[in-house]
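Participant:
2 protein chains.
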Amino acid sequence: MVSGFKNLTESKIYSQLLSLAQNPFDLTEPAALQAGNRLARYVCRTELLHLHYATERIDEAVMDGLQQLADDLHLVEQFREMRRGAVINRIDGFDSENRQALHTASRDLFSPQPSAPLATGDAQKELEKLRMFLEDLASGRICNHRGERFDTMIHVGIGGSDLGPRAVFEALKAYGLPGKKVRFIANVDPDDAARVLAEVNLATTLVNIVSKSGTTLETLTNEHLVRLALKQAGLDPSRHCIAVTGEKSPLDNPENYLRSFYMYDYIGGRYSSTSMVGVVMLGFFLGYDRILEFLEGAALADSQAEEVDIRNNLPLLLALLGIWNHNFLDYPTLAVLPYSQALNRFPAHLQQCDMESNGKSIDRQGRRVAAKTGPVVWGEPGTNGQHAFYQLLHQGTEIVPVEFIGFRQSQSGVDSVVSGTTSQQKLLANLFAQMVAMAVGQRSANPNREFAGNRPSCLLLAEKLTPKVMGALLATYEAKIVFQGFAWNINSFDQEGVQLGKALAAGFLQAMMDPAGASGTLEKVFLDQASETA
Amino acid sequence: MVSGFKNLTESKIYSQLLSLAQNPFDLTEPAALQAGNRLARYVCRTELLHLHYATERIDEAVMDGLQQLADDLHLVEQFREMRRGAVINRIDGFDSENRQALHTASRDLFSPQPSAPLATGDAQKELEKLRMFLEDLASGRICNHRGERFDTMIHVGIGGSDLGPRAVFEALKAYGLPGKKVRFIANVDPDDAARVLAEVNLATTLVNIVSKSGTTLETLTNEHLVRLALKQAGLDPSRHCIAVTGEKSPLDNPENYLRSFYMYDYIGGRYSSTSMVGVVMLGFFLGYDRILEFLEGAALADSQAEEVDIRNNLPLLLALLGIWNHNFLDYPTLAVLPYSQALNRFPAHLQQCDMESNGKSIDRQGRRVAAKTGPVVWGEPGTNGQHAFYQLLHQGTEIVPVEFIGFRQSQSGVDSVVSGTTSQQKLLANLFAQMVAMAVGQRSANPNREFAGNRPSCLLLAEKLTPKVMGALLATYEAKIVFQGFAWNINSFDQEGVQLGKALAAGFLQAMMDPAGASGTLEKVFLDQASETA
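Chains as they are written, first to last, in the numbering used here: chain A, 174 to 707; chain B, 174 to 707.
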């Protein structure tokens, strides 16, 4: 086990990187993108994903510095130990979760010697349960009380039990089995459940309740609403509900659920898309074989993340470029802009995975951090965004580093030539053009048509958004986030910052229940209770 | 016409506000929220919306300073002149659009003396055309070739012709006419169109093509794909397509379109939701009467925005609080977090409306601005976000001011009591709790359970998300954005920053069409063309 974690600012290379950042590579110089065969040199290629990063403000000196940083902070070593079951979800000397972080084990199914055999064994057992369940659904051995097959699934979860699974579902919608539908309920807003329930045929609907603890307020409330709707439709909820939950949680109960699939406390919610949390719904929608492709892509990305050369370790490189932009060039946010409508919810997943992991102020020794930790992450698909917020990206006073994501082929293959090019070509031409425009800028006699340039970006490029590529993309970002957490020496696996809001909400709920409170307006409850809390 | 616009930094009160910002109100002091009856004092109430802002880091000195700033920069005067048709979309002394900004006229229908009578006359004429068109659809006078009525509309547009209309549609889905469906195609990604076309019954579908110039690349490409699909289904596109476009644009052609509704160059795309751009689709879906309610809410908010007392002018107050957080407390982003699933696309609309308007670096005299202009705007609905990125909001090193949006009642009214409270109560209890938690923080012996507090927020609270309230909310944010643009002395109505990317994309497209380029890989085209451009 690597001991004595160093903070970013304690690395011997930190001050050297700081001084390099005083004068970063100038992308607006004439022919800057041609210098030293830059465009061809700054590409990291893996089997499924390529990373083009010539449009970042880096040069060989910075790259060498980032390599030294990675070595000095033992980033790859820590990743290897995480995959092998080190208890890294902890803060030294203080009460903390004290757990392993073994999301990688849930897809480590394709190697004869998995890195964490026990956890991978758990995953295999649950996958086998799922395979049989899906067979029973397909054969009609499990069906509704009228003998009809289930064609719809409502996935009920929130946070990690919603965002990652939903992003992957949206990404792979084009691969759905004929006739299969999936809907999601997450928000405690009653209108969320009401909309979904109005859209489906409950008689042929399975309801998948996803909550590790079996006590998540939103999910239990929505489960209640859905069970009520099932009963009102004359259906028996226990024949329609399944659960993904911790073993022995309140949801692990065959009287109320057709099946329970298990999730384990060594996998955090935001890293759980490749566990039963995502895979039960995806299996229903895509079929079992597609799931294996998805998991295989993720496993491939995990094993490639153990490479020590940062130029050949794609997620580590992405992590270090992010640190260069955030900690050395001092940019507070990161935009992730997929040029693929199917990835429309991927930025929302990353908001959780990244900001909940790395939005921390305390290092793993309980000391206040000296360097900034995670940036604000946001994004929408292109080209849509070009007609929305790109004005600010090009000419605003806030500088926003961008990670573009693109694919050489569309998923559907349905396309046509308009004005000499296909839609897919137009999509990529726009993506490429944005990278270059942000980098090189433009001089003009009209000050309003000036573009300062030097706005850094990179591009993750893949052949096509298949289940396998989606697995690799998901795991690449998980690894990137984890590498950054290691570099900042923070615990990327807990979320103490969500506890205070929960505790205070209980007080407001109590005040709303109180007959005295209920007799006033909601606004009065707010004013009274807020005043009391403060 | 107000002459000689001053920049924020040129206001006589600027330096005083800067020094107040050295020591802003401390929300973490014991009983801070009770001080001076703060919670009850810092509320701005209008008929439809209340703004609670006691959890901002302001006090009376700051409020007085912001009032002086508003007066000194003539913010309300400029707004009044905008509504009355001043040519404010311009840069002095340089080639620019030189237009009025009269989006407010499109809803100024409820006063005997509209502020800009000609533009409101245009709006009335188009609304009357729309009313008759909707009647013809309802009566079946306009129908498909088999005599069936249209039950579905595909809205094809991008940017301002997509984001605002879509956000309003999502917000008001609960009010849709029975049996009516709307789908959207925006992205040039061919998978976007393919998905929508696979979901609808084209025979009973109207296609609404929205493009002011009639030359938007994405929209024309998608129109082409949709017309092809109609023909392949044996249908006559000219009997299924309508257009919202500029008079005499290529889309203003009765041979190809059942109807054309007009939009005018004095309304920018991102401010056009209350013009035909939004209202044709909304009229089809909600019916004509609901549209009038929506427009009435917007008109009400516009007229209230002419109040000079900042404590009684809600959008101006919101604008100034934003400037306090961004320019004086130096926070680079703004999160807009609606506790309403129906507002799930409202932050995406605001990203365009705000960041495209105010992501600028040049003032209205063509000088480089000294102060920061628009922040990065982002957000997702609560309570979902609580389980995603709120960790960073509470404990991250980036401080993010928040604008919460909440409603006392749900739209559907479908709700039930679980553990003593309704879902709607749980939703609001969580919202209130987050505001208090961010403001007051928490001390703890465990450093990982410390919350620094002093993270500013405010709350826009309304009774229920009706069409009228949605109109007011939309117009409130438009006015807020415009007020901030006035304060920064920038042109909030152009978007020169999107031109460079468009121009460079043409080069990449040419290279892809070139037989030499086409014979290589797409990646080679990127490398070669990027190198050439640089």
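Note that beta-carbon positions come from the ideal geometry of N, C-alpha and C, so glycine has one too. Owing to the predicted nature of the structure, the values given are computational and were not obtained by experimental measurement.
Assign Val609/A to buried or exposed, taking buried as 16 or more other Cβ atoms, counted over all protein chains shown, within 10 Å of its Cβ.
Facilitator: Burial call: buried.
Participant: For Pro505/B, which of helix, strand or coil comes out of DSSP?
Facilitator: Coil.
Participant: Going by Cα to Cα distance, which pick from Phe666/A, Pro197/A and Leu489/A is closest to Gly442/A?
Facilitator: Nearest C-alpha to Gly442/A: Phe666/A.
Participant: In chain order, what residues of the same chain lie with their CB nearer than 7 Å to the CB of Glu529/B, ignoring the 5 residues before and after it?
Facilitator: Around Glu529/B: Arg443 and Gln668.
Participant: According to the Cβ coordinates, are Ala645/B and Leu336/B closer than 7 Å?
Facilitator: It is not a contact, given that the beta carbons lie outside the stated cut-off.
Participant: May I have the straight-line CA-CA distance separating Ile331/A from Leu424/A, to the nearest angstrom?
Facilitator: Between Ile331/A and Leu424/A, the C-alpha separation is close to 16 Å.
Participant: Between which two residues does the alpha helix (DSSP H) holding Glu156/B run?
Facilitator: One cannot answer for residue 156/B here, as it falls past the ends of chain B, which runs 174 to 707.
Participant: At least one CB of chain B closer than 7 Å to the CB of Thr394/A: is that the case?
Facilitator: Yes, Thr394/A counts as interfacial toward chain B.
Participant: Please report the distance separating the alpha-carbon of Glu308/A from that of Ala416/A.
Facilitator: Looking at the two C-alpha atoms, the distance is approximately 18 Å.
Participant: Under 7 Å, Cβ to Cβ, is there at least one residue of chain B near Trp661/A?
Facilitator: Taking Cβ atoms only, chain B never reaches closer than 7 Å to Trp661/A, which makes this a no.
Participant: The stretch 556-589 of chain B: which residues have C-beta closer than 7 Å to a C-beta of chain A, in chain order?
Facilitator: From the stretch 556-589 of chain B, only Thr556, Asn557, Gln559, His560, Ala561, Phe562, Tyr563, Gln564, Leu565, His567, Gln568, Gly569, Thr570, Glu571, Val573, Arg581, Ser583, Gln584, Ser585, Val587, Asp588 and Ser589 have a Cβ closer than 7 Å to chain A.
Participant: Excluding the 5 residues flanking Leu275/A on each side, which residues of the same chain have their C-beta closer than 7 Å to its C-beta?
Facilitator: Around Leu275/A: Gly258, Ala289, Ala292, Tyr439 and Ile440.
Participant: Note the first and the last residue of the continuous alpha helix (DSSP H) segment covering Gly644/A.
Facilitator: Unbroken alpha helix (DSSP H) run through Gly644/A: Pro640 to Trp661.
Participant: Can you list the residues of chain A that Thr639/B reaches, using a CB-CB cut of under 7 Å?
Facilitator: In chain order: nothing, as chain A lies at least about 13 Å away.
Participant: Could you give the first and the last residue of the continuous beta strand (DSSP E) run that contains Thr394/B?
Facilitator: Thr394/B -> not in any beta strand (DSSP E); alpha helix (DSSP H) instead, spanning Leu390 to Gln405.
Participant: Going by beta carbon distance, what residues of the same chain come within less than 7 Å of Glu396/A, once the five residues before and after it are set aside?
Facilitator: If we look at Glu396/A and ignore the five residues flanking it on each side, its Cβ neighbours are Val329 and Ile382.
Participant: For Val341/A and Leu455/A, which I take to be in contact (beta-carbon distance under 8 Å), what is that distance rounded to the nearest angstrom?
Facilitator: Confirmed, about 6 Å.
Participant: Cys631/A by DSSP, collapsed to three states: which one?
Facilitator: Strand at Cys631/A.
Participant: Name the chain A residues whose beta carbon is nearer than 7 Å to that of Met685/B?
Facilitator: Residues of chain A passing the Cβ test: Thr594, Gln598 and Ala602.
Participant: Using 10 angstroms around the beta-carbon of Thr325/A, count the other beta-carbons present and answer buried if the total reaches 16, otherwise exposed.
Facilitator: That one is buried.
Participant: Under the assumption that Val671/A contacts Gln559/B (Cβ atoms under 8 Å), give the Cβ distance between them as a whole number of angstroms.
Facilitator: Confirmed, Cβ separation roughly 6 Å.
Participant: For Phe434/B versus Glu299/B, is the C-beta spacing smaller than 7 Å?
Facilitator: Yes, the Cβ-Cβ distance between Phe434/B and Glu299/B is below 7 Å.
Participant: Between the stretch 256-272 of chain B and chain D, which residues of the former have CB atoms less than 7 Å from a CB of the latter, in chain order?
Facilitator: In the structure shown, chain D cannot be found, because the protein chains are A and B.
Participant: Which whole-angstrom value is the C-beta distance of Gln582/B and Glu636/B, which I expect to be below 8 Å?
Facilitator: That belief holds up - the Cβ atoms of Gln582/B and Glu636/B are roughly 6 Å apart, short of 8 Å.
Participant: Quick one: is Trp551/A near chain B, going by C-beta distance under 7 Å?
Facilitator: True, the Cβ-Cβ gap to chain B drops below 7 Å.
Participant: Roughly how many angstroms lie between the CA atoms of Pro338/A and Leu566/B, to the nearest whole one?
Facilitator: If I take the Cα positions, the gap works out to 23 Å.
Participant: According to DSSP, Thr418/A sits in a beta bridge with which residue or residues?
Facilitator: Tyr435/A.
Participant: Considering only DSSP beta bridges, list what Pro511/A is partnered with.
Facilitator: Per DSSP, Ile578/A.
Participant: With a cut-off of 8 Å on the beta carbons, I'd call Thr549/A and Trp551/B a contact; round off their distance for me.
Facilitator: In the sequence as presented, Thr is not what sits at residue 549/A; that position holds Val. 7 Å between Cβ atoms; contact.
Participant: Give the interface partners of Ser704/A over in chain B, defined as CB-CB distance under 8 Å, in chain order.
Facilitator: Under the 8 Å cutoff, chain B gives Leu206, Gln207 and Leu212.
Participant: What residues of chain A sit near Ile331/B, judged by a beta carbon separation below 8 Å?
Facilitator: Under the 8 Å cutoff, chain A gives Thr556, Asn557 and His560.
Participant: Thinking C-alpha only, which one of Lys404/B, Thr506/B, Ser513/B and Gln297/B is nearest Asn346/B?
Facilitator: Checking the sequence shown, residue 346/B turns out to be Lys, not Asn. The shortest Cα separation from Lys346/B among Lys404/B, Thr506/B, Ser513/B and Gln297/B belongs to Ser513/B.
Participant: Looking at chain B, which residues of the stretch 609-624 of chain A have a Cβ within less than 7 Å of any of its Cβ atoms?
Facilitator: Result list: Val609, Ala610, Val613, Gln615, Asn619, Pro620, Asn621, Arg622 and Phe624.
Participant: Under the assumption that Ala366/A contacts Leu403/A (Cβ atoms under 8 Å), give the Cβ distance between them as a whole number of angstroms.
Facilitator: Actually they do not touch by this definition, with Cβ atoms about 12 Å apart.
Participant: Please compile the residues from chain B whose C-beta is within a distance smaller than 8 Å of the C-beta of Val249/A.
Facilitator: Correct list: empty, because the minimum Cβ distance to chain B is about 25 Å.
Participant: Check Ile535/A in the structure and name its three-state DSSP category.
Facilitator: Strand, per DSSP.
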